[in-house]
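This report refers to the structure that appears directly beneath it.
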Amino acid sequence: MADPCRPNQHDSIDDIWRSAGHNSTGRAEGELLDDRGLAEGWYRFVSEAGGEMPTSCVPVNSCGTRFPVWMDGTVPTVNQTQSVTGCINQGGCCDDTVNLKVKNCSTFLVYELSSLSAPHHSAYCAGDRVPCPVGQGSPNGGFYPGCTDLFPKLRGAPTLDYHFSQTESYFLCDFDGPTWPNVTWVVEWFLDDTVILTEQMPGWVQTAYLDQADILLNTEVSCQVHGEFDGSNVTTVPDKSDPFFAGIVVGPQDLTVHEDGGPANFTVHSTIALNCDVMIVNNDGYLGRPDVLLDQCSLSFGTGSWGVDNPQTVTVWAIRDFQTDGDQYVQIDVIPSTADCDVPPSGNTQDVLVTTIDQDSSQAHASGDPHYMTYDRRKYDWYGVGDFVIHRSKGRPFEVHSRVWRCWDVSCNCGVAVREGDDVITIDMCDGRFGQTAPAVRLKSQKEPAKGVRVTRGQSGRNFKVSLPSGAEVRTDIFFWGINVHMKVPSDDFGATEGLFGTFDHDSSNDYRTRDGTTSYDPNAFSWSWRIPAGQSLFDSLPDPVETPGEARTSRYDGSVLCACAANGPNCGDPNTIPTFRNDFDIDITDTLLPRRGRGDRRSTRLNRATVASTLASPAPFPVGVSATWPTPSGITQENATAMCKKAAMTSPAFAACATLSNVDVFSGVEDCVEDIKLTDNLAFLQQAAMLMEELCREEALKNVTLYDQQDGNSTALPPAFVGSSLCPGRCSLRGQCVNATCYCDAGYTSSDCSVDMTRPPALVDVRHGRTCDVRSEACDVIGVVGDGFLDSRSLRCHVERTLDTARGRQRSTLPATADFMSFREVECTVGGGVLIIDGNPDENTGTPISTITVAISNDGRLNSDVLQVTVYDSYCQECNETGVCRPKENACEIKGFCYPVNGSHPADNARYCNPSVSRSGWTYRPDDLQPMNIVGIAVGTAVGAVVLVLVVVFILKIKKQKRSVSVGFLKEDGVVKQTPP
Numbered sequence: 001m002a003d004p005c006r007p008n009q010h011d012s013i014d015d016i017w018r019s020a021g022h023n024s025t026g027r028a029e030g031e032l033l034d035d036r037g038l039a040e041g042w043y044r045f046v047s048e049a050g051g052e053m054p055t056s057c058v059p060v061n062s063c064g065t066r067f068p069v070w071m072d073g074t075v076p077t078v079n080q081t082q083s084v085t086g087c088i089n090q091g092g093c094c095d096d097t098v099n100l101k102v103k104n105c106s107t108f109l110v111y112e113l114s115s116l117s118a119p120h121h122s123a124y125c126a127g128d129r130v131p132c133p134v135g136q137g138s139p140n141g142g143f144y145p146g147c148t149d150l151f152p153k154l155r156g157a158p159t160l161d162y163h164f165s166q167t168e169s170y171f172l173c174d175f176d177g178p179t180w181p182n183v184t185w186v187v188e189w190f191l192d193d194t195v196i197l198t199e200q201m202p203g204w205v206q207t208a209y210l211d212q213a214d215i216l217l218n219t220e221v222s223c224q225v226h227g228e229f230d231g232s233n234v235t236t237v238p239d240k241s242d243p244f245f246a247g248i249v250v251g252p253q254d255l256t257v258h259e260d261g262g263p264a265n266f267t268v269h270s271t272i273a274l275n276c277d278v279m280i281v282n283n284d285g286y287l288g289r290p291d292v293l294l295d296q297c298s299l300s301f302g303t304g305s306w307g308v309d310n311p312q313t314v315t316v317w318a319i320r321d322f323q324t325d326g327d328q329y330v331q332i333d334v335i336p337s338t339a340d341c342d343v344p345p346s347g348n349t350q351d352v353l354v355t356t357i358d359q360d361s362s363q364a365h366a367s368g369d370p371h372y373m374t375y376d377r378r379k380y381d382w383y384g385v386g387d388f389v390i391h392r393s394k395g396r397p398f399e400v401h402s403r404v405w406r407c408w409d410v411s412c413n414c415g416v417a418v419r420e421g422d423d424v425i426t427i428d429m430c431d432g433r434f435g436q437t438a439p440a441v442r443l444k445s446q447k448e449p450a451k452g453v454r455v456t457r458g459q460s461g462r463n464f465k466v467s468l469p470s471g472a473e474v475r476t477d478i479f480f481w482g483i484n485v486h487m488k489v490p491s492d493d494f495g496a497t498e499g500l501f502g503t504f505d506h507d508s509s510n511d512y513r514t515r516d517g518t519t520s521y522d523p524n525a526f527s528w529s530w531r532i533p534a535g536q537s538l539f540d541s542l543p544d545p546v547e548t549p550g551e552a553r554t555s556r557y558d559g560s561v562l563c564a565c566a567a568n569g570p571n572c573g574d575p576n577t578i579p580t581f582r583n584d585f586d587i588d589i590t591d592t593l594l595p596r597r598g599r600g601d602r603r604s605t606r607l608n609r610a611t612v613a614s615t616l617a618s619p620a621p622f623p624v625g626v627s628a629t630w631p632t633p634s635g636i637t638q639e640n641a642t643a644m645c646k647k648a649a650m651t652s653p654a655f656a657a658c659a660t661l662s663n664v665d666v667f668s669g670v671e672d673c674v675e676d677i678k679l680t681d682n683l684a685f686l687q688q689a690a691m692l693m694e695e696l697c698r699e700e701a702l703k704n705v706t707l708y709d710q711q712d713g714n715s716t717a718l719p720p721a722f723v724g725s726s727l728c729p730g731r732c733s734l735r736g737q738c739v740n741a742t743c744y745c746d747a748g749y750t751s752s753d754c755s756v757d758m759t760r761p762p763a764l765v766d767v768r769h770g771r772t773c774d775v776r777s778e779a780c781d782v783i784g785v786v787g788d789g790f791l792d793s794r795s796l797r798c799h800v801e802r803t804l805d806t807a808r809g810r811q812r813s814t815l816p817a818t819a820d821f822m823s824f825r826e827v828e829c830t831v832g833g834g835v836l837i838i839d840g841n842p843d844e845n846t847g848t849p850i851s852t853i854t855v856a857i858s859n860d861g862r863l864n865s866d867v868l869q870v871t872v873y874d875s876y877c878q879e880c881n882e883t884g885v886c887r888p889k890e891n892a893c894e895i896k897g898f899c900y901p902v903n904g905s906h907p908a909d910n911a912r913y914c915n916p917s918v919s920r921s922g923w924t925y926r927p928d929d930l931q932p933m934n935i936v937g938i939a940v941g942t943a944v945g946a947v948v949l950v951l952v953v954v955f956i957l958k959i960k961k962q963k964r965s966v967s968v969g970f971l972k973e974d975g976v977v978k979q980t981p982p
């Protein structure tokens, strides 16, 4: 066996800190000695502290470690080897042991050591001399006694401060040490862990400067100082200042926001004076979509807006994404501009981690005649007529009313009115006879709509959607008999809804909550409680303005203009953050609503108002179902109806795709469809089976993010294409093929949903506001034509002719007109050239108190429909009934075709006026001093009778202090008698 005393048979350990006399308390963790990884073998301790392991207990925190190891045994005689025990002191002197061997090599000892297994830093002790502290020496080889400083030392760590003035900005490193003439101070400037500048200065200079231009933004600046004796290469251990972060600071760096809650804020400030633009970037969240919106995507700092007392605030909102995607984590980076900072950026950024708390949203539906499905998926039927609250939010000014009219022997929704904040929008086709109306979309509120209010329609004009700042949506499907209503509410309304769509709280058992707050088990009693008294719904009156500005802000993010702050640039205003399928509503008609505001109310005729009043006054609910039995009067059996309704669902292009979704019942609308056929003996509701299935399928596909398509981890996930591509508008009206969400129509058919037969002209039904129009109170140059088969195309034309009865006979002329597609049920014709001549000088021109306007519509500019006739008249001298038959008014004048009311003056001569008692076709001359420009009160007195005339004249006499005598029919003034108006 090799002799471990031989030099090549052992390793040497030279470490004075293993001395049992060295107290390692306060020593940094990284500086403690640790033999827990020591390789097993023979070792010799060779340091000046001593070469033998102590043979008595050594205190904890000795020998340069936490748990020292001492030898429990004696030293063997020369050339002898002895097994001994190594004791590890963990507080009890010998808490654990390790097997050792020691050999006496005559002039030194060698030890066989192995790795230690202590729970903390542990090392073998050797020697007992006490070393001098770092930076000191002694004549005894660096051990006590006699330890003194080897080099100049600072009295404490340097201090670092930042200074700014209008002329310079710099960092000041201040330190305190001896000012001996033989001392040189060495100052090193650090950015983070890198030395960028080293300078030397004599002992008496103890301040150093670093210009701001020498740093990089968003780094830690620090200074480190050590001293040297001139002519010596021995240096002190350097002392370093606390770091100064020079740059942009954000805080707090952890935020939590809720999808159904308010915002959170973080602040940004600069610790130094600089001119710099800062970008705020919210990185895409789950599935590559932003989960938060910010109120600003950039900040600007100037030299006068630095320091903790000048923060800028950024507001963060969680996006109400209408998805079930769980809580998400989003990092917001605050990035200095590389081009617009006078201090170069380092590339380091500050960030904020935002946690978004998910909250559920839901949809409800009213379809067919009508069948209701609440937010919590409870289904019921209700056949009442009138105005009803279908949704009301208890925590914010948001409600939706429906108007229900009688259709066949049941009822159907014919209108919906939406209010959020001070905005009220209606989609109303109730203003007329059943089957002869078209939807009128109106902004009824008098204020400009809030940001985020959007009204859109589908290309075919069969669907409208109202999108609100809160994220809520109301969508409608339009038919000749009425509308379906689909409503989506944001997470804000969870647990806070009431009305016919129930209580959104995932508990369907309480959905029949009545207006007084009690829960009913009878859907009729429940529904009836939400009927609105006549004239009090949003269709007829506006609510009181929201009292406080905070309440009026119905934006899902308080009315602020918010941004999705992407790395490639901000998307602000109304960022598209809610996933949709590409065939969703895409024609924005919001701006067109402003010029039309109030037009519907002003132009409603007595006929239409009476019809609506009669319809909505019908008893409700109807006694439906009592006499409805199978088979229906036309012979349809229940089996036939069920088969037809299932077939309708199965013929939907989306049937196969929707059938793969576990949460979608593809036959969910069949029961309602069968009931509709039983009650109405009509197949008009047949497609409702497919429509409800598609609505539920659409909702599930958009909401369930586990179905989303994502090419890779860096791309934006999209709603499942296998569902979206099968959702074609109107199922292509069963007249085409659905390919990638687009209808390819059969020959002869067109429109986005293949609903228009181009071999036939449109079929006209009625004029929206009746067949007569009074130019004195209505906009008669705008004619709303109701019908079927209208196509939204550039070739859509209004063909308008005007017929006038004149002294030279009947004259017919073509008038220029523009065609505006309103919906598949209506085209609005705006007529130029004057539908009636009512203004002019009868001495020079001839007017027309009545004209007959005929209107035809063509989709292609060639194939014209039949015509509808509108009688336009001047109510100053004509009165016309609802059929267009007119007759002159007795108490008015028609002079050369121009109409004038009683006492109406000639447009160019006040001396001539209309006096029907004298002539209804010519002027009556007014006495000079009784012309309206001289005595205004006479005309008023004549209109109200002789008694009032006497009072007015007496009053005038008192004012002018003139004597006059008054008698009925004559006025005596200055001896002249003139005829007075009767």
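full-length UniProt numbering puts the last residue of the sequence shown at 982; the count rises by one with no breaks.
All residues carry an ideal CB built from backbone N, CA and C; glycine is no exception.
Because the structure is a prediction, the values reported are computed rather than measured.
Asked	Found
Helix, strand or coil at M53 according to DSSP, with G and I counted as helix	coil
Spatial distance of H486 from S300 (CA atoms)	45 Å
Exposure of M822, with buried meaning 16 or more beta-carbon neighbours within 10 Å	buried
Endpoints, beta strand (DSSP E) assigned at C93	Per DSSP, C93 belongs to no beta strand (DSSP E) and is neither H nor E.
C773 versus D423: straight-line alpha-carbon distance, rounded	30 Å
Nearest neighbour of I587, chosen from V466, M693, Q350 [CA to CA]	V466
For V389 and R606, the rounded distance between their alpha carbons	Note on R606: pLDDT 39, under 50, position unreliable in the model; the coordinate value appears next. When rounded, the distance between both Cα atoms is 27 Å.
T167 vs S122 beta-carbon contact at 7 Å	no
Three-way DSSP call (helix, strand, coil) for P158 in this model	coil
DSSP three-state assignment for L100, whether helix, strand or coil	strand
Exposure of T437, with buried meaning 16 or more beta-carbon neighbours within 10 Å	buried
Helix, strand or coil at V953 [DSSP, three-state]	Low per-residue confidence applies at V953: pLDDT is 40, beneath 50, and the placement is therefore not dependable, though the value from the model is reported in the following sentence. Helix at V953.
V84 - containing alpha helix (DSSP H), residue span	That residue, V84, is in no alpha helix (DSSP H); its beta strand (DSSP E) goes 81-88.
Residue range of the alpha helix (DSSP H) that includes W528	523-528
DSSP state of A741 mapped onto helix, strand, coil	coil
Residue closest to Y726, alpha-carbon to alpha-carbon, out of D788, T651, F175	Note on residue identity: the sequence assigns Ser, not Tyr, to residue 726. Ranking the options by Cα distance to S726, first place goes to T651.
Enclosing alpha helix (DSSP H) for H207 [first to last residue]	The sequence given here has Thr at residue 207, not His. Where T207 is concerned, there is no enclosing alpha helix (DSSP H), although the beta strand (DSSP E) it sits in stretches over 207-211.
Stretch-stretch touch, CB-based, cutoff 8 Å, three pairs: the segment 755-775 with the segment 804-819	no
Selection from S755, A213, L294 that minimises the alpha carbon distance to I196	A213
Per-residue burial, S917 [other beta carbons within 10 Å of its own, 16 or more giving buried]	exposed
For V98 and N89, the rounded distance between their alpha carbons	11 Å
CA-to-CA distance, T503 to D511, given in whole angstroms	5 Å
Inter-residue spacing [alpha-carbon to alpha-carbon] between S169 and S241	19 Å
CA-to-CA distance, F67 to A118, given in whole angstroms	8 Å
Sequence-distant residues of the same chain with beta carbon closer than 6 Å to S411, five excluded per side	Y383, V385, V404
Nearest candidate by alpha-carbon position, reference S460, set G884, Y749, A908	Y749
Cβ-based neighbour list, A496, same chain, cut-off 7 Å, excluding 5 preceding and 5 following	S393, K394, G395
Those residues which DSSP pairs with P901 across a bridge	A892
Buried versus exposed, by CB contacts within 10 Å (16 or more), L538	buried
V775 - partner residues in DSSP beta bridges	BP columns for V775 are empty, so no partner.
Proximity below 7 Å, CB of M693 to CB of V666	yes
T374 (DSSP reduced to helix, strand or coil)	coil
Boundaries (first-last residue) of the alpha helix (DSSP H) holding L113	Careful: L113 lies outside any alpha helix (DSSP H), inside the beta strand (DSSP E) at 109-113.
Top-ranked residue by Cα proximity to S527, from N571, S402, T642	S402
Cross-strand partners of L353 (DSSP beta bridge)	D254, Q331
Extent of the continuous beta strand (DSSP E) run through E220	219-229
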